[in-house]
Amino acid sequence: MARLLVVDDEPDICALVARHLIRAGHEVICAHDAPTALAEIAVHGVPDAAVLDVGMPGMDGFALIERLRAAVPGLPTVFLTVLWDADVLAAATRYGAGYVAKPFTPAALHDALHDVLSRARAERRPGAS
Numbered sequence: 000m001a002r003l004l005v006v007d008d009e010p011d012i013c014a015l016v017a018r019h020l021i022r023a024g025h026e027v028i029c030a031h032d033a034p035t036a037l038a039e040i041a042v043h044g045v046p047d048a049a050v051l052d053v054g055m056p057g058m059d060g061f062a063l064i065e066r067l068r069a070a071v072p073g074l075p076t077v078f079l080t081v082l083w084d085a086d087v088l089a090a091a092t093r094y095g096a097g098y099v100a101k102p103f104t105p106a107a108l109h110d111a112l113h114d115v116l117s118r119a120r121a122e123r124r125p126g127a128s
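Using numbering that gives the first Met the number 0, read the sequence shown as starting at 0 and increasing by one per residue.
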């Protein structure tokens, strides 16, 4: 399975997401804000993918993905958020990220994560364009 970074400013949501992902066999690093997420990566290394809340105090999920992708170009990402407007959807699309609306189902989260990880693996294959 994958090593995942989960960042959500709501500790209960972060724990819920982590629980679902761990049950699916993933290793999870949780953080409740962008600075902590960046510190966790410095300590534990780069994840295989990230699950990020969009609306967080300080650095939002879009600013965080910019920082993460500066270090890890193309980091597979799923945005998990209550923000459902067209601007958020367009931004997620620009980043090539998955998008799951809160409240979410475990199946929707797993499907979005599977999609971004599969696309990333396909892009890394020799001869992939």
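Where a beta carbon is used, it is the ideal one built from N, C-alpha and C, also for glycine.
Tell me whether the beta-carbon of residue i lies closer than 9 Å to the beta-carbon of residue j.
i, j, result
"A90", "F61", "yes"
"L37", "R66", "yes"
"L79", "I28", "no"
"G97", "L82", "no"
"L51", "I64", "yes"
Work out the CA separation of residue j and residue i for me, nearest whole Å.
i, j, result
"G54", "G95", "18 Å"
"D84", "T92", "13 Å"
"D59", "A33", "7 Å"
"V16", "E9", "11 Å"
"K101", "R124", "33 Å"
"V42", "T35", "11 Å"
"D47", "V5", "11 Å"
"R22", "V99", "19 Å"
"L88", "A14", "25 Å"
"A106", "L74", "22 Å"
"E26", "D86", "31 Å"
So which of the options has the shortest CA-CA distance to residue i?
i, options, result
"P56", "A100, D7 and A49", "D7"
"E122", "D86, P102 and P72", "P72"
"V45", "D59, D11 and L3", "L3"
"G24", "T35, A106, A1 and I40", "A1"
"S117", "F103, H19, T76 and A106", "T76"
"D114", "A49, I64 and A70", "A49"
"L20", "A119, T104 and R120", "T104"
Within the segment 16 to 56, ranges of the beta strand (DSSP E) (whole runs, at least 3 residues): Fully enclosed beta strand (DSSP E) runs of 3 or longer: 26 to 30 and 48 to 51.
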